[in-house]
Amino acid sequence: MTTERTAAERLLVERYGSPLYIYDLARVRAALEDLRAALPQPSRIYYSLKANPHPGLVAELRRGGARAEVTSRGELAAALEAGHPAAELMYSGPGKVRAELDEAVAAGMRTFSAESFGDLERIGAAAAAQGVTADCVLRINAAGAPGQAGLRMTGGPSQFGFDLDGLTEQRARLLVQGTRIVGMHFFPLTNARDEAGLLAELAQSVRTAAQLREELGIPLHLLDLGGGFSAPYATPGERPVYRGLRTALSTVLDEHLPGWRDGEPVVAFESGRYLVGDSGRLVVTVTDVKHSRGSDYAVLDSGINHLGGLSGLGRLLPLSAQPLVPPVLPDQGAGAAETDGKTDGETDGEPGTVTLAGPLCTPADILARAAELPGVAAGDLLVFPNVGAYGLSASLLGFLGHPAPAEVLVDGGETVSATRLALRRQHIQPAPVHRTEEFTAMTEITAEAGADTAATPPWDEEYEALLHEVLPRLRAKGPLTSQTSLKAAGLDSLAMVEVLVRVESAYGIAIPDSELVAATFATPASLWRVVSALREQAVGPA
Ligand SMILES: *Cc1c(COP(=O)(O)O)cnc(C)c1O
Numbered sequence: 001m002t003t004e005r006t007a008a009e010r011l012l013v014e015r016y017g018s019p020l021y022i023y024d025l026a027r028v029r030a031a032l033e034d035l036r037a038a039l040p041q042p043s044r045i046y047y048s049l050k051a052n053p054h055p056g057l058v059a060e061l062r063r064g065g066a067r068a069e070v071t072s073r074g075e076l077a078a079a080l081e082a083g084h085p086a087a088e089l090m091y092s093g094p095g096k097v098r099a100e101l102d103e104a105v106a107a108g109m110r111t112f113s114a115e116s117f118g119d120l121e122r123i124g125a126a127a128a129a130q131g132v133t134a135d136c137v138l139r140i141n142a143a144g145a146p147g148q149a150g151l152r153m154t155g156g157p158s159q160f161g162f163d164l165d166g167l168t169e170q171r172a173r174l175l176v177q178g179t180r181i182v183g184m185h186f187f188p189l190t191n192a193r194d195e196a197g198l199l200a201e202l203a204q205s206v207r208t209a210a211q212l213r214e215e216l217g218i219p220l221h222l223l224d225l226g227g228g229f230s231a232p233y234a235t236p237g238e239r240p241v242y243r244g245l246r247t248a249l250s251t252v253l254d255e256h257l258p259g260w261r262d263g264e265p266v267v268a269f270e271s272g273r274y275l276v277g278d279s280g281r282l283v284v285t286v287t288d289v290k291h292s293r294g295s296d297y298a299v300l301d302s303g304i305n306h307l308g309g310l311s312g313l314g315r316l317l318p319l320s321a322q323p324l325v326p327p328v329l330p331d332q333g334a335g336a337a338e339t340d341g342k343t344d345g346e347t348d349g350e351p352g353t354v355t356l357a358g359p360l361c362t363p364a365d366i367l368a369r370a371a372e373l374p375g376v377a378a379g380d381l382l383v384f385p386n387v388g389a390y391g392l393s394a395s396l397l398g399f400l401g402h403p404a405p406a407e408v409l410v411d412g413g414e415t416v417s418a419t420r421l422a423l424r425r426q427h428i429q430p431a432p433v434h435r436t437e438e439f440t441a442m443t444e445i446t447a448e449a450g451a452d453t454a455a456t457p458p459w460d461e462e463y464e465a466l467l468h469e470v471l472p473r474l475r476a477k478g479p480l481t482s483q484t485s486l487k488a489a490g491l492d493s494l495a496m497v498e499v500l501v502r503v504e505s506a507y508g509i510a511i512p513d514s515e516l517v518a519a520t521f522a523t524p525a526s527l528w529r530v531v532s533a534l535r536e537q538a539v540g541p542a
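Here the sequence shown stands for residues 1 to 542, numbered as in UniProt numbering.
Rendered as structure tokens:
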């Protein structure tokens with residue numbers, strides 16, 4: 001902690017307020033360089049936006065040559081905003097829905113990680129609907145190398161990836177229209193602290209990929225080995241430097257996939273926390289200091305709504321059991337005030353340790369226990385280091401409605417940007433999306449509908465008025481007959497939705513999807529037959 005940095009951070013808090021996230025782009029560049037130096041070359045690095053989707057960070061990583069891995073419409077938008085070409089992005093994650101896949105394909109994305117047969121089919125359907133082919137890597141859920149520390153993502157039963165067992169027998173299901181299998185994706189664990197363990201895991205993935213290529217007879221143009229690169233989170237410390245990984249893993253690749261040096265396969269890695277974790281710091285203010293039944297509390301203006309939300313939910317780090325910090329007091333040592341109102345014999349913790357609580361009205365809002373902050377007083381600024389990854393966007397921003405902290409991007413000593421995320425409620429309109437799609441297809445056919453001669457019960461005035469309202473051009477066609485073409489009167493897909501909604505509400509009926517076919521909307525008569533039949537059903541037999 002240089003005093004220079006302390007002064008700069010104080011100044012930023014004066015300008016942008018507390019709490020305040022500060023991200024340093026110089027550190028992002030350094031992390032990307034370090035990671036590249038640790039990996040076999042040639043290889044590709046994907047930045048996982050889930051660690052921090054801030055467009056400034058994403059753009060910096062792109063300038064450094066990293067690609068982006070996205071898992072949602074929000075992350076896709078952030079990657080595009082940061083200047084990533086859509087064709088270079090990778091879309092991954094379980095439970096991808098058709099609407100987001102449609103959007104990704106329309107934006108120009110072509111590379112997807114498939115998590116299951118169903119996922120593969122939905123990717124294929126989205127691609128085929130737009131007349132393109134999606135390149136898919138199969139995410140594999142393989143038994144990992146034994147005994148690794150870190151948060152395991154696959155290896156047991158999991159929502160992630162295809163089980164290795166039984167995949168060969170089911171390989172016919174991998175032939176899906178609209179898709180082309182181009183390789184495999186592994187991401188067995190994250191935050192692997194020790195290098196030997198990480199190497200064992202990556203080497204295991206390489207062997208599995210080589211073996212699967214043989215057994216399944218599928219191509220292996222792209223091998224995404226995932227990552228698991230570690231970084232300290234909200235505690236002081238440095239990123240590990242993986243000194244032996246490059247050479248050792250290159251040897252494994254030479255042995256099992258000798259074409260990799262010429263890009264067959266292209267070897268890729270993914271990282272979130274390693275790339276941005278140490279770029280971020282959160283400065284907060286102590287708003288209250290109190291003593292309660294033997295313990296000292298410092299209440300902060302920031303809690304699990306801004307940091308450690310994941311941990312607060314008991315996921316990554318059990319914060320309530322494990323001290324997160326200690327954070328660093330920018331002016332620690334310089335005239336620390338005396339310990340707040342504590343009398344001898346009243347404390348059961350270490351003298352000078354405090355629990356750091358946030359401002360939320362829940363006992364879960366604890367950022368640290370037993371933080372060593374002797375003499376902490378209201379008004380003090382505290383810093384949580386290493387919170388560039390899984391900070392703000394991984395927190396409970398909407399809970400209790402406090403504003404988000406400002407996020408300031410600096411580059412060395414220069415301020416690059418200052419922004420504040422806002423959650424706001426928007427009014428939305430109901431959109432009968434799937435019906436609109438069907439109607440679009442139907443409009444085409446309606447044009448060819450022939451003369452309507454089927455017997456039709458007489459319609460009422462309300463029905464006629466309704467058609468005239470939605471289709472003003474009908475009037476020009478003279479009196480409404482059973483032969484009048486609704487299409488010729490301007491019935492496009494939007495007007496069809498309008499007619500449908502109005503008719504349903506006027507007659508208290510629901511037209512079933514099976515009737516939403518071109519023939520129903522061909523003429524006033526064809527639609528009225530459906531309406532009157534449904535009305536009779538609704539009333540019931542006399
Ligand atoms: C979360 C995730 C990452 C990033 O993990 P880090 O530990 O932040 O590097 C990469 N790939 C996939 C598939 C993930 O789910």
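Just so it is clear, CB atoms sit at the ideal spot from N, CA and C, and this is done for glycine as well.
In this text, all values refer to a predicted model and were calculated from it rather than measured experimentally.
With 16 other Cβ atoms within 10 Å as the buried cut-off, status of residue i
i: CYS361; result: exposed
i: LEU324; result: Because LEU324 sits at a pLDDT of 31, beneath the cut-off of 50, its placement in the model cannot be relied upon, and the point is left open.
i: SER292; result: exposed
i: ALA477; result: With the sequence shown as reference, residue 477 is identified as Lys, and Ala is not the correct amino acid for it. Flag for LYS477 reads exposed.
i: ALA431; result: exposed
i: THR520; result: buried
i: PHE117; result: exposed
i: GLY161; result: buried
i: ARG67; result: buried
i: LEU356; result: buried
i: GLU214; result: exposed
i: ASP348; result: Residue confidence for ASP348 is low, a pLDDT of 45 falling below 50, so the modelled location carries little weight and cannot support an answer.
Cβ of residue i within 8 Å of any chain C Cβ
i: GLY226; result: The structure shown contains no chain C, having only a single protein chain.
8 Å Cβ cutoff met for residue i and residue j
i: GLU407; j: TYR47; result: no
i: residue 544; j: VAL182; result: Because the chain is modelled from 1 through 542, residue 544 falls outside the range shown and cannot be assessed.
i: ALA82; j: VAL70; result: no
i: GLY388; j: SER302; result: no
i: LEU174; j: ILE218; result: yes
i: TYR233; j: ASN386; result: yes
i: LEU282; j: PHE384; result: yes
i: THR456; j: ALA533; result: no
i: SER395; j: GLY308; result: yes
i: GLY166; j: LEU198; result: no
i: ALA231; j: LEU220; result: no
i: LEU138; j: MET90; result: no
i: ALA378; j: ASP288; result: yes
i: SER18; j: VAL284; result: yes
Alpha-carbon spacing of residue i relative to residue j, whole angstroms
i: GLU115; j: ARG424; result: 32 Å
i: residue 571; j: TYR507; result: Examination of residue 571 is not possible in this model, given that the chain is present from 1 through 542 alone.
i: LEU245; j: CYS136; result: 27 Å
i: TYR16; j: LEU57; result: 19 Å
i: VAL132; j: ARG475; result: 44 Å
i: ALA522; j: GLY95; result: 39 Å
i: LYS290; j: GLY375; result: 12 Å
i: ALA107; j: THR3; result: 47 Å
i: ALA542; j: ILE511; result: Here the model assigns ALA542 a pLDDT of 47, short of 50, so the residue's position is not dependable and the matter cannot be decided.
i: GLY398; j: ASN305; result: 7 Å
i: GLU100; j: GLY401; result: 28 Å
i: ILE445; j: ALA518; result: Note on ILE445: pLDDT 46, under 50, position unreliable in the model; no value is reported.
i: GLN41; j: THR251; result: 12 Å
i: ARG27; j: VAL499; result: 59 Å
i: LEU11; j: GLY412; result: 14 Å
i: ASP163; j: GLN170; result: 11 Å
i: PRO403; j: ARG62; result: 30 Å
Extent of the continuous beta strand (DSSP E) to which residue i belongs
i: LEU382; result: 381-384
i: GLU372; result: 366-372
i: GLY44; result: According to the sequence provided, residue 44 is Arg. The question's Gly does not apply to it. Its beta strand (DSSP E) spans residues 44-48.
i: ILE428; result: First-last for ILE428: undefined, no H or E at that position.
i: HIS185; result: 179-185
i: SER116; result: First-last for SER116: undefined, no H or E at that position.
i: LEU223; result: 222-224
i: VAL70; result: 67-70
i: SER295; result: 295-300
i: TYR23; result: 20-24
Where the alpha helix (DSSP H) through residue i begins and ends
i: HIS468; result: 461-470
i: HIS291; result: Counting along the chain, HIS291 falls outside any alpha helix (DSSP H), though it belongs to the beta strand (DSSP E) covering 280-292.
i: ARG273; result: 273-276
i: SER205; result: 195-216
i: GLU498; result: 493-507
heavy atom of ligand 2 below 7 Å from residue i C-beta
i: ALA51; result: Ligand 2 is absent from the structure shown, which contains only ligand 1.
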